[in-house]
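Those sequence lines, one after another, are chains A and B. Counting along the first sequence from 1, when you hit position 217 you're at 217 in my numbering, and nothing is skipped either side. Counting along the second sequence from 1, when you hit position 200 you're at 200 in my numbering, and nothing is skipped either side. Glycine residues also receive a C-beta, built at the ideal position from the N, C-alpha and C atoms.
2 protein chains.
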Amino acid sequence: MSTGKLFAIGTGPGASDLITVRAARILGEIQVLYAPASRKQGDSLALSIVREYLSEQVLIKERHFPMTADAGEKRQAWDEIAAEMAQDVTSGKQVGFITLGDSMLFSTWVFLLERLGPQLDIEVVPGITSFAGIASRAQFPLCMEQQSMAVMSCTADEEVLRRALIDHECVVLMKVYGRFEKIRALLAELGLLQCAILMANASMENEMYYPELAAIKAGEALPYFSTILVNRKYRQQKV
Amino acid sequence: MSTGKLFAIGTGPGASDLITVRAARILGEIQVLYAPASRKQGDSLALSIVREYLSEQVLIKERHFPMTADAGEKRQAWDEIAAEMAQDVTSGKQVGFITLGDSMLFSTWVFLLERLGPQLDIEVVPGITSFAGIASRAQFPLCMEQQSMAVMSCTADEEVLRRALIDHECVVLMKVYGRFEKIRALLAELGLLQCAILMANASMENEMYYPELAAIKAGEALPYFSTILVNRKYRQQKV
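Rendered as structure tokens:
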């Protein structure tokens, strides 16, 4: 193939076999793979999920996306990485970018896409979102029939979270890390503590499942990728 | 294997290669496959998505789930199908049930799960939701950072839909069929017409994409699986 193409690939929630069949095929064909890395962890979690599908010849480029409140620093990183990707594609290469979960939901990919412009040939391959992974593992329903679901970041204002918990039968609370006590108090206030579960690292070896939020000790250190699912129409059975 | 197990498998949005690697493997191993069928269409869409992964020996049981307002008729169908599945599993078989999109979101599977009880060995395999499939195909972002997303059924009251469209940066409007003009008027009232796209049959041969809702003729017959994505922070470029 002489015309370059860029594939943005969602890796799903964590288990290697929860990527799509299409993603597995494309990962075996690409020549360059961009993987997001956090300097602290050293290796990219997304990369560890897909490594078994890559060809031996692939050039892996781990690139650091800063997790900072400094918008200028983030923009500079996105500009540089997008420019490097565009160069690889225009030189005729098959290029991949991997992202945890789904590429179009809470993903850095969107910031790159905005910079890559319409002149490049781009294909986005969807991935299983973290909350779908959790719902399946815990056999915990999201929403049904005429019900609705809100997907919220716990970094939002408490009033915004309260309103979502009142308005929607099902609420996914992402980015729980460091905010658990505040969220647990809010759920208790609304009478929803019995309707919620917490899971971290769903589908991975280090998966942690709390079917009862009341059982989590005050001050207990929860994993970074902790997510709470709330469904006020559904009280989970003890597992 | 002598102990039976039941696998609930999400088939994703429609393309056969958008099922997970795990789903593909399990589909090749099961001995009995339950597929939901609508009498009108004759063949099951979910079955057509996964057929290429099935073994030659598999016993396919297409079962009809009535689409009716009669709750008693629906419950009777769920009771009967769940009882038949449980019998297959307790007799030692590897049994699959397939469902469009994801098993735990707007899926009949949950009604079966409630009836199957905790004594059976059950594994739920997640699938790509329809809206994630659409977002990828249209390269249309769902939500980012501190934003939130609501997933709504257009069968909900107009006031409920209006509030979701005001409260959330991103709104997924499912079950648009037969309600398009009402929804389009609501989006126009809220100044969101330019922030919305409509797609049907995403990732399938008969995919239809309307990047501009204003371009849809009044009274135009839209496909049954039409979904609208709204993102008020993101005005899509013309494709």
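Residue-level contact to chain B via CB, residue i, 8 Å cutoff
i: serine 148 of chain A; result: yes
i: aspartate 17 of chain A; result: yes
i: valine 95 of chain A; result: no
i: arginine 25 of chain A; result: yes
i: arginine 51 of chain A; result: no
i: threonine 129 of chain A; result: yes
i: arginine 115 of chain A; result: no
i: arginine 179 of chain A; result: no
i: cysteine 195 of chain A; result: no
i: valine 110 of chain A; result: yes
i: proline 66 of chain A; result: no
i: glutamine 76 of chain A; result: no
i: arginine 163 of chain A; result: yes
One or two residues paired with residue i in a DSSP bridge
i: asparagine 231 of chain A; result: A/Cys170
i: serine 44 of chain A; result: Paired residue(s): none; serine 44 of chain A is not in a bridge.
i: lysine 74 of chain A; result: None, per the DSSP bridge assignment.
i: phenylalanine 97 of chain A; result: A/Ala8 and A/Tyr34
i: valine 124 of chain B; result: B/Ala8
i: isoleucine 197 of chain A; result: A/Leu229
i: isoleucine 60 of chain B; result: B/Leu33
i: tryptophan 150 of chain B; result: One point to set straight first is that residue 150 of chain B is alanine, not tryptophan, in the sequence displayed. According to DSSP, alanine 150 of chain B bridges with A/Ala150 and B/Val171.
i: threonine 20 of chain A; result: B/Thr20
6 Å Cβ shell around residue i - same chain, five flanking residues per side excluded
i: aspartate 102 of chain A; result: Gly10, Pro126, Gly127 and Thr129
i: glutamate 62 of chain A; result: Ala35, Ala37 and Ser44
i: tryptophan 109 of chain A; result: Ala8, Thr99 and Ser103
i: cysteine 143 of chain B; result: Met149, Glu169 and Cys170
i: glycine 12 of chain A; result: Leu18, Ile19, Gly127 and Ile128
i: methionine 67 of chain B; result: none
Distance between residue j and residue i (C-alpha atoms, nearest Å)
i: glutamine 94 of chain A; j: asparagine 231 of chain A; result: 42 Å
i: glutamate 84 of chain B; j: isoleucine 98 of chain B; result: 15 Å
i: lysine 217 of chain A; j: glutamine 31 of chain B; result: 44 Å
i: glutamine 87 of chain B; j: glycine 4 of chain B; result: 10 Å
i: methionine 204 of chain A; j: leucine 18 of chain A; result: 10 Å
i: glycine 178 of chain B; j: valine 58 of chain A; result: 49 Å
i: leucine 220 of chain B; j: valine 176 of chain B; result: According to the sequence provided, residue 220 of chain B is glutamate. The question's leucine does not apply to it. Looking at the two C-alpha atoms, the distance is approximately 13 Å.
i: aspartate 79 of chain A; j: alanine 71 of chain A; result: 12 Å
i: alanine 150 of chain A; j: serine 136 of chain B; result: 20 Å
i: glutamate 123 of chain A; j: leucine 105 of chain A; result: 16 Å
i: methionine 174 of chain B; j: tyrosine 234 of chain A; result: 22 Å
i: leucine 193 of chain B; j: arginine 162 of chain B; result: 13 Å
i: glutamate 181 of chain A; j: glutamine 146 of chain B; result: 19 Å
i: tyrosine 210 of chain A; j: aspartate 121 of chain B; result: 20 Å
i: arginine 51 of chain B; j: proline 118 of chain A; result: 36 Å
i: leucine 198 of chain B; j: alanine 138 of chain A; result: 32 Å
i: methionine 208 of chain B; j: valine 21 of chain B; result: 27 Å
i: glycine 96 of chain B; j: glycine 133 of chain A; result: 18 Å
i: isoleucine 60 of chain A; j: isoleucine 49 of chain A; result: 14 Å
i: alanine 46 of chain A; j: serine 16 of chain B; result: 24 Å
Interface flag, residue i vs chain A, CB-CB below 8 Å
i: arginine 22 of chain B; result: yes
i: serine 55 of chain B; result: no
i: arginine 63 of chain B; result: no
i: methionine 85 of chain B; result: no
i: serine 226 of chain B; result: no
i: arginine 232 of chain B; result: no
i: aspartate 102 of chain B; result: yes
i: leucine 47 of chain B; result: no
i: isoleucine 81 of chain B; result: no
i: leucine 198 of chain B; result: no
i: alanine 132 of chain B; result: yes
i: serine 136 of chain B; result: yes
i: isoleucine 122 of chain B; result: yes
Residues near residue i in its chain [Cβ-Cβ closer than 7 Å; skip 5 each side]
i: serine 55 of chain A; result: Gly28
i: alanine 24 of chain B; result: Tyr53
i: alanine 214 of chain A; result: Leu193
i: alanine 69 of chain B; result: none
i: serine 226 of chain B; result: Val176, Tyr177, Leu198 and Ala200
Residue i beta carbon near the ligand FAD (any heavy atom closer than 7 Å)
i: methionine 199 of chain B; result: Here there are no bound small molecules, and the ligand FAD is not part of this structure.
8 Å Cβ shell around residue i - same chain, five flanking residues per side excluded
i: serine 91 of chain A; result: Gly4
i: isoleucine 81 of chain A; result: Tyr34, Arg63, Phe65 and Leu112
i: leucine 190 of chain A; result: Arg162, Leu165 and Ile166
i: serine 107 of chain B; result: Gly10, Thr99, Leu100 and Gly101
Chain D residues whose Cβ lies nearer than 8 Å to that of residue i
i: serine 153 of chain A; result: Of the chains in the structure shown, none is chain D; the protein chains are A and B.
Validate contact between the stretch 177-197 of chain A and the stretch 151-168 of chain B using beta carbons, cut 8 Å, 3 pairs
no
Determine, using beta-carbon pairs with one atom in the stretch 204-213 of chain A and one in the stretch 114-121 of chain A, whether at least three such pairs fall under 8 Å.
By the Cβ test, the stretch 204-213 of chain A is not in contact with the stretch 114-121 of chain A, since fewer than three Cβ pairs between them sit closer than 8 Å.
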